[in-house]
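Offset between the sequence shown (1-based) and my numbering: plus 65.
Right, one structure below, let's go through it.
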Amino acid sequence: MIRENIKKLRSGISAVCFAEGAQAHPLPVIVAVSKGRTPEEIEEAVEAGITDIGENRVREAIVKFDHLRRLTAEKNVRWHMVGHLQTNKAKEAVKIFDLIQSLDSLHLAEEIDRQAARISKVQDVLAQVNVSAEAGKFGFEPKNTLEAVKEISRLKNIRIKGLMAIAPVVRDPQEARPYFKRLRELRDEIFERNDFSPANHERRITNGEPPVLSMGMSGDFEAAVKEGSNMIRIGRAIFNHTHQG
Ligand SMILES: *Cc1c(COP(=O)(O)O)cnc(C)c1O
66 MIRENIKKLR SGISAVCFAE GAQAHPLPVI VAVSKGRTPE EIEEAVEAGI TDIGENRVRE
126 AIVKFDHLRR LTAEKNVRWH MVGHLQTNKA KEAVKIFDLI QSLDSLHLAE EIDRQAARIS
186 KVQDVLAQVN VSAEAGKFGF EPKNTLEAVK EISRLKNIRI KGLMAIAPVV RDPQEARPYF
246 KRLRELRDEI FERNDFSPAN HERRITNGEP PVLSMGMSGD FEAAVKEGSN MIRIGRAIFN
306 HTHQG
């Protein structure tokens with residue numbers, strides 16, 4: 066089932082990327098979000114070609130990571146933290162995650178930096194942006210994100226690779242497009258047009274790769290890819306037995 070779901074997902078992505086004959090959009094990285102799923106289900110996804118696994122709780126992720134150490138090493142699986150990270154869990158998080166996508170405060174950035182330094186690691190992160198500026202949602206406000214990224218980029222044991230956002234739940238995924246567009250514009254403004262921290266720009270900010278734009282989930286990835294997403298986070302469309310697309 067998982068294998069078929071992934072196949073279907075890939076053809077859905079291709080349909081968007083190769084619309085009108087030419088490749089209009091680059092193929093995004095698929096992060097399979099496996100919260101609530103078993104190590105066996107994750108293994109099945111990896112056997113079907115998934116290379117990136119997302120979790121939203123540190124404790125749950127550690128248990129699965131321990132189960133799947135060998136597979137992770139053999140297949141070069143990357144582990145992503147996509148849920149809100151409490152400061153007191155930063156120490157555990159830096160041990161297992163390749164990319165922390167949910168960096169949402171300077172306080173947390175400082176703690177990640179401190180914990181990464183202790184294990185001589187440079188932790189890759191994305192700044193989470195509250196694109197809809199909804200109260201009670203995690204992430205930097207769009208208007209504060211540039212300033213936050215500047216601050217974060219000064220930390221030696223953090224490398225900020227791009228931005229992440231969760232679009233608000235809407236009835237028609239097309240309605241999410243303005244939020245995705247907003248995040249892309251912010252990414253371009255911050256990482257491509259902005260000239261801050263020039264000495265560290267290449268090494269710390271993008272490392273020569275295009276900055277990550279992590280947006281799009283099972284219900285809205287097509288709209289996100291059309292707006293330039295290069296990393297989508299997919300749970301239900303991969304792991305559900307009944308997901309209809
Ligand atoms: C659960 C989750 C996803 C995946 O959502 P689906 O709708 O199941 O595809 C993506 N991003 C985050 C932050 C999540 O918590």
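Built from N, CA and C at the ideal position, the CB exists for glycine as well.
All values reported here derive from a predicted model rather than from experimental measurement.
Around the CB of E120, 16 or more other CB atoms lie within 10 Å, so the residue is classed as buried.
In the three-state reduction of the DSSP assignment, V277 falls in the strand class, which pools E and B. The beta carbons of D117 and R143 sit closer together than 8 Å. By the 16-neighbour rule on beta-carbons within 10 angstroms, G101 is exposed. Residue environment analysis places A158 among the buried positions, since at least 16 neighbouring C-beta atoms fall within 10 angstroms of its C-beta. R298 sits in a strand when the DSSP states are folded into three classes. If you check the CB distance, L191 and S279 come in under 8 Å. For K100, the shortest C-beta to heavy atom distance toward ligand 1 is below 7 Å. Between the C-alpha atoms of S197 and R124 there is a straight-line separation of about 29 Å.
Cβ-Cβ distances below 7 Å link L248 to V194, V196, L228, A230, L278 and M280 in the same chain, with the five nearest sequence neighbours on each side left out; the list follows chain order.
The Cβ atoms of Q180 and A155 lie closer than 8 Å to each other.
In the three-state reduction of the DSSP assignment, Q239 falls in the helix class. Closest in C-alpha terms to P275, from the list G293, M146, G114 and E112, comes G293. When secondary structure is reduced to three states using DSSP, F83 falls in the coil class, being assigned neither helix nor strand.
Counting along the chain, H145 sits inside the beta strand (DSSP E) bounded by residues R143 to M146.
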